[in-house]
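Protein chains: 2
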Amino acid sequence: MLTERQLEVLLSVVYEFIESGEHVGSRTLSKRYLTGRSAATIRNEMADLEDMGYLMQPHTSAGRVPTTRAYRLFVDTVLQRRRAKDQGNRELLDNLKAHRNGVEGALTSASDLLTQLSHYVGVAAVTQLRQARLSKIDFIRVDTSNVLLLVVLEGGIVHHKIVGMPYDLSQDTLQDLARRINTLAGHEWGEVRIMLQNYIMQELGRYADSCRKALDDLDKLLAGEHTTLFTGSLANLFNIPDFQDIGRFRALFSILEQEDGLVDLLKKCNTTDGIGVIIGEENDLPEMENCAVVLSSSSSEGQRTTLGVIGPKRMNYEKVISVLDKVLQDLIDCPGENEGDG
Amino acid sequence: MLTERQLEVLLSVVYEFIESGEHVGSRTLSKRYLTGRSAATIRNEMADLEDMGYLMQPHTSAGRVPTTRAYRLFVDTVLQRRRAKDQGNRELLDNLKAHRNGVEGALTSASDLLTQLSHYVGVAAVTQLRQARLSKIDFIRVDTSNVLLLVVLEGGIVHHKIVGMPYDLSQDTLQDLARRINTLAGHEWGEVRIMLQNYIMQELGRYADSCRKALDDLDKLLAGEHTTLFTGSLANLFNIPDFQDIGRFRALFSILEQEDGLVDLLKKCNTTDGIGVIIGEENDLPEMENCAVVLSSSSSEGQRTTLGVIGPKRMNYEKVISVLDKVLQDLIDCPGENEGDG
DNA sequence: CTTAGCACTCGATCAATTTGAGTGCTAATA
DNA sequence: TATTAGCACTCAAATTGATCGAGTGCTAAG
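Taken in sequence, the protein lines are chains A and B.
Per my numbering, the first sequence starts with residue 6, numbered consecutively.
Per my numbering, the second sequence starts with residue 6, numbered consecutively.
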């Protein structure tokens, strides 16, 4: 276990390193953080902390740098202590409300906002849970072998997809089908699915096969935990010294560019509401060993909203967490309006 | 005017520079391209070409590097000479067809494909021209003050947008409206708009104001030349030596990340069908002075499809042009199927 | 237990030096 | 007259070496 003073030294190292980005030495600490103690004393403590796996030296005769373990301790401490602080940003948050245009608009705004405020990369995602409720469905014949599938969920999420059909279905047939399904508006997809399946069996016997494929497509869209993700601008990454190295930049970039990896990452935090931090190797992606992800999610009735900030391990956790808290709070204040019905 | 030999020297410089990325000297040319002539002879020609503005030296006592003017000549020559070559890639193109899922699917595939084949950055865009035809419209009440606007155009482009409404319109009212508009399916937006406006005036007197706003939104979506853009992965940029410098990379990145700049750029070529090349300063964006854009567009009835590749000035134009030709041809082969009706 | 002092390590920085590819010019050559 | 070989010169890039400074570990004194 750490002594009080060791903890103090450790947190100071992390703090100073987050500030400066350079390995921190005993003299700096003695001068700036622990003015009562001499450099030599601190040196001894640091040596012990290194043995315990909290610090490391990039090379002999360099200052110390925090390990993931140290960040972890730091973040946990910060997470405990927060609630006190509550600084501004109101003006920007109002902005978010103003630009709201359905779920997509809100999430785009949110990710942009997070990016702006944090100076890292903001992401915003909504995962529709199994109990997503149908608001309206529609089928539109595009040509002899393609039908446009249109699904609106309560809350305003819209999915559309072109599905191939081996048989040519008339627009009337499709409309009839849509009309029937729409009587179930407000019900969960599970129920709708059963009704739909029965209809297909009974009334559309000869088309059953082709419809089954469309049903599968619908399932993919609605039954699984489908996540829609928005990533803010990556431009800030250029300003972060940790990513000046083109190699590291590249690694992170390849992750951020494709949604799949990110979505998986977000799922990490999806078990529990509230704020979670994933530091360095704690996530499975080797490309992200120099990064940290701060996630904050909150689930309302049919969907779970996750906001996150991705940055270097050495990020300003306090600020990011506070920003995240704010934006999320603002975001979940609103969907309540939509809950009346559709 | 250039002599035959000067042209030969010049094209060789451009070709070699595209290959190697390093300034090319007289000896290299003498050994590899113009084996009949000695380095000294070529040196004289090069000096002349420099005077004429086709070549330049990055510094005294370095080899020569092509200017934009030289690239221009090179590309024009290539554009003239092509048609002859016709190498493979069939297997990948079939792949494109297979993954077709409406316009968006096709364009996503196309931009990915261009990116893969060219090793630069592929983009694909569809601009709907004024004469876009309506296939289906729908309005869905989301809550007391928001309506989801849904427009499907012939060809399968789908637009959806939440618009705010100062008055609460019932789903029945909305449905009635949609039904009326849908009788005009297959007509151009211009006609639909008139009908819609009349309806609003006559039947919806007290809601007229709120509807006008929605109409504006629709106009924005449908009347202007709305462009949907897909950009391929930027990952290839990391492999291009010209962009190893983080500064240049950053400049290009900021352009590619936001659609607006790119869309403007694409419009450059939108005047004429066929292949166009924009080299370096020829485009207005100072951030792109080290880049070239090869565009290829083709308009069918209601929309114009543009494919492009963005890469360094020193790109393999021959290959890119041939790739572009292929993918575009493949893409426009299909929409014909959709022209029957909706 | 704390601290001052000292020897030592190692990255970073800077100047001097070398190397090599390339040029321009001139004189010899076909 | 057009071409080429030869030579002196230039300049970026790579190499080397010296120096600096921040930091450590260890030891001995307070």
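From the three backbone atoms N, C-alpha and C, an ideal C-beta is built for every residue, glycine too.
>> Let me make sure I understand the geometry here. Which of B:GLU193, B:HIS164, B:VAL163 and B:ILE205 has the alpha-carbon closest to that of ASP181 (chain B)?
In response: Position 176 of the second sequence, counting from 1, holds the residue named residue 181 (chain B). The residue with the shortest Cα to Cα distance from ASP181 (chain B) is B:ILE205.
- request: Starting from VAL157 (chain A), find everything on chain B with Cβ-Cβ shorter than 7 angstroms and list it in chain order.
  value: Translated into positions along the first sequence, residue 157 (chain A) becomes position 152. Per Cβ cutoff of 7 angstroms: ILE145 and LEU153.
Report task. Assign LYS273 (chain A) to one of three DSSP states: helix, strand, or coil. Result -> Here residue 273 (chain A) is taken as the residue at index 268 of the first sequence, counted from 1. Coil, per DSSP.
**Message:** If I measure Cβ to Cβ from VAL29 (chain B) and keep anything under 7 angstroms in the same chain, skipping five residues before and after, which residues do I get?
**Reply:** As a first step, residue 29 (chain B) must be located in the second sequence, where it is residue number 24. The answer, listed in chain order, is VAL18, GLU21, PHE22, GLY68 and ARG69.
Measure the alpha-carbon distance for THR73 (chain A) versus THR82 (chain B) and round it to whole angstroms. Here residue 73 (chain A) refers to the residue found at position 68 of the first sequence. Here residue 82 (chain B) refers to the residue found at position 77 of the second sequence. Spanning the two alpha carbons is a distance of roughly 58 angstroms.
Q. Which residue from B:GLU55, B:ASP56, B:ASP173 and B:VAL299 puts its Cα closest to that of LEU84 (chain B)?
A. For this step, residue 84 (chain B) is matched to residue 79 along the second sequence. Per the Cα distances, B:VAL299.
Going by beta carbon distance, what residues of the same chain come within less than 7 angstroms of ASP99 (chain B), once the five residues before and after it are set aside?
Residue 99 (chain B) sits at position 94 when you count from the first residue of the second sequence. Confidence at ASP99 (chain B) is low in this model, with a pLDDT of 49, below 50, so the placement of that residue should be treated as unreliable; the coordinate-derived value is given next. So no residue of the chain qualifies.
Considering ASP53 (chain A), what are the terminal residues of the alpha helix (DSSP H) in which it resides?
By 1-based counting over the first sequence, the position of residue 53 (chain A) is 48. Per DSSP, ASP53 (chain A) belongs to the alpha helix (DSSP H) from 44-56.
Segments assigned beta strand (DSSP E), at least 3 residues, entirely inside the segment 181-207 of chain A: As far as the segment 181-207 of chain A is concerned, it has no whole beta strand (DSSP E) run of at least 3 residues.
* Secondary structure of ALA4 (chain A), DSSP reduced to three states -> Limits of chain A in this structure are 6 at one end and 347 at the other, which puts residue 4 (chain A) out of reach.
Residue interval of the alpha helix (DSSP H) (run including GLN121 (chain A)): As a first step, residue 121 (chain A) is located in the first sequence; it is residue number 116 there, counting from the start. Here the alpha helix (DSSP H) through GLN121 (chain A) covers 107-123.
| Burial state of HIS124 (chain B), where buried means 16 or more other Cβ atoms lie within 10 Å | Start at 1 with the first residue of the second sequence, and residue 124 (chain B) comes out as number 119. Result: buried.
Report task. Taking LYS141 (chain B) as the query, report the chain A residues whose CB atoms sit under 7 angstroms from its CB, ordered along the chain. Result -> The residue labelled residue 141 (chain B) in the question sits at position 136 within the second sequence. Near LYS141 (chain B) (Cβ distances below 7 angstroms), the residues of chain A are ILE145.
Next item on the list: Within its chain, find whatever has a CB closer than 8 angstroms to the CB of ALA45 (chain A); leave out the 5 residues flanking it on each side and keep chain order.
Entry: Locating residue 45 (chain A) in the first sequence gives position 40, counting from the first residue. Once the five neighbours on either side are set aside, the close Cβ partners of ALA45 (chain A) are SER31.
* To do: Give the DSSP bridge partners of GLN308 (chain B), in chain order.
  => Numbered from 1 along the second sequence, position 303 holds the residue referred to as residue 308 (chain B). BP columns for GLN308 (chain B) point to B:GLN133.
Which of the three DSSP states is assigned to ASN100 (chain A) in this structure? Taking the first residue of the first sequence as 1, we reach residue 100 (chain A) at position 95. For ASN100 (chain A), the predicted structure reports a pLDDT of 45, less than 50, and the residue's modelled location is therefore unreliable. The matter cannot be settled from this model.
Q.
Judging by CA-CA distance, which residue of B:LEU155, B:SER238, B:LEU336 and B:ASP278 is the nearest neighbour of ILE315 (chain B)?
A. Within the second sequence, residue 315 (chain B) is the residue found at index 310, counting from 1. Of B:LEU155, B:SER238, B:LEU336 and B:ASP278, the residue nearest in Cα terms is B:SER238.
Review point. So, is the C-beta of ILE251 (chain B) closer than 8 angstroms to a C-beta in chain A?
Key: On the second sequence, residue 251 (chain B) is found 246 positions in, with the first residue counted as 1. Yes, contact with chain A.
- Could you name the residues that DSSP lists as bridge partners for PHE235 (chain B)? Along the second sequence, one-based indexing puts residue 235 (chain B) at 230. Bridge partners of PHE235 (chain B): B:ALA129.
Item checked: Start and end residues, beta strand (DSSP E) containing LEU158 (chain A) -> Taking the first residue of the first sequence as 1, we reach residue 158 (chain A) at position 153. Counting along the chain, the beta strand (DSSP E) containing LEU158 (chain A) begins and ends at 151-158.
Note to self: Cβ closer than 8 angstroms: which chain B residues qualify as neighbours of GLY110 (chain A)?
What the structure shows: Here the question's residue 110 (chain A) lines up with position 105 in the first sequence. Near GLY110 (chain A) (Cβ distances below 8 angstroms), the residues of chain B are ILE167.
Helix, strand or coil: how does DSSP classify PRO71 (chain B) here?
-> Your numbering for residue 71 (chain B) matches position 66 in the second sequence. It is a strand residue.
> How is LEU60 (chain B) classed by DSSP in three states: helix, strand or coil?
Replying inline: Taking the second sequence and counting its residues from 1, the one referred to as residue 60 (chain B) is at position 55. Correct three-state label for LEU60 (chain B): strand.
Discussion item. Can you check whether the C-beta of SER114 (chain A) is within less than 8 angstroms of a C-beta belonging to chain B?
Written reply: Residue numbering aside, residue 114 (chain A) sits at position 109 when the first sequence is read from its first letter. No, SER114 (chain A) lies away from the interface with chain B (no Cβ there is under 8 angstroms from its Cβ).
task: Please report the residue range of the alpha helix (DSSP H) in which ILE23 (chain A) lies.
output: Within the first sequence, numbered from 1, the residue matching residue 23 (chain A) stands at position 18. First-last of the alpha helix (DSSP H) with ILE23 (chain A): 9-25.
**Report entry** Supposed close pair ARG217 (chain A), GLN176 (chain A) - CB separation, criterion 8 angstroms
**Finding:** If you number the first sequence from 1, residue 217 (chain A) lands on position 212. If you number the first sequence from 1, residue 176 (chain A) lands on position 171. Not confirmed; about 21 angstroms, so no contact.
message = Just to confirm before moving on: does the CB-CB distance between LEU153 (chain A) and LEU139 (chain A) stay below 8 angstroms?
response = Working through the first sequence from its first residue, we reach residue 153 (chain A) at position 148. Working through the first sequence from its first residue, we reach residue 139 (chain A) at position 134. No.
Checklist line | Beta-carbon contacts of ILE245 (chain A) that lie in its chain and below 6 angstroms, excluding the five residues immediately before and after | finding: Within the first sequence, the letter at position 240 stands for residue 245 (chain A). PRO317.
Got a sec: is the Cβ-Cβ distance from ALA240 (chain B) to anything in chain A below 8 angstroms? For the purposes of this step, residue 240 (chain B) is taken as residue 235 along the second sequence, with counting starting at 1. Closer than 8 angstroms: yes.
Does LYS102 (chain A) come within less than 8 angstroms of chain B when only Cβ atoms are used?
Indexing the first sequence from 1 puts residue 102 (chain A) at position 97. The pLDDT assigned to LYS102 (chain A) is 45, lower than 50, so where the model puts this residue is not dependable; a value taken from the coordinates is nonetheless given after this. No, LYS102 (chain A) does not count as interfacial toward chain B.
| request: Kindly indicate which three-state DSSP category SER175 (chain A) falls into: helix, strand or coil? | output: Stepping through the first sequence from its first residue, residue 175 (chain A) is reached at position 170. Here SER175 (chain A) sits in coil by DSSP.
Item to complete: Could you have a look at ILE326 (chain A) and say whether DSSP puts it in helix, strand or coil?
Response: Numbered from 1 along the first sequence, position 321 holds the residue referred to as residue 326 (chain A). Residue state, collapsed to three classes: helix.
Point to revise | chain B contact residues for SER175 (chain A), given Cβ-Cβ distances below 7 angstroms | key: The sequence position of residue 175 (chain A) within the first sequence is 170, counting from 1. Chain B residues near SER175 (chain A): none, gap ~12 angstroms exceeds 7 angstroms.
Exercise. Cβ atoms of ALA183 (chain A) and SER259 (chain B): under 8 angstroms apart, would you say?
Worked result: Along the second sequence, one-based indexing puts residue 259 (chain B) at 254. Along the first sequence, one-based indexing puts residue 183 (chain A) at 178. Not closer than 8 angstroms, so no.
*Identified DSSP bridge partners for HIS164 (chain B)*: For the purposes of this step, residue 164 (chain B) is taken as residue 159 along the second sequence, with counting starting at 1. Paired residue(s): B:VAL156.
GLN121 (chain A) to TRP194 (chain A), Cα distance in whole Å? For the purposes of this step, residue 121 (chain A) is taken as the residue at position 116 of the first sequence. For the purposes of this step, residue 194 (chain A) is taken as the residue at position 189 of the first sequence. So the two alpha carbons sit approximately 37 angstroms from each other.
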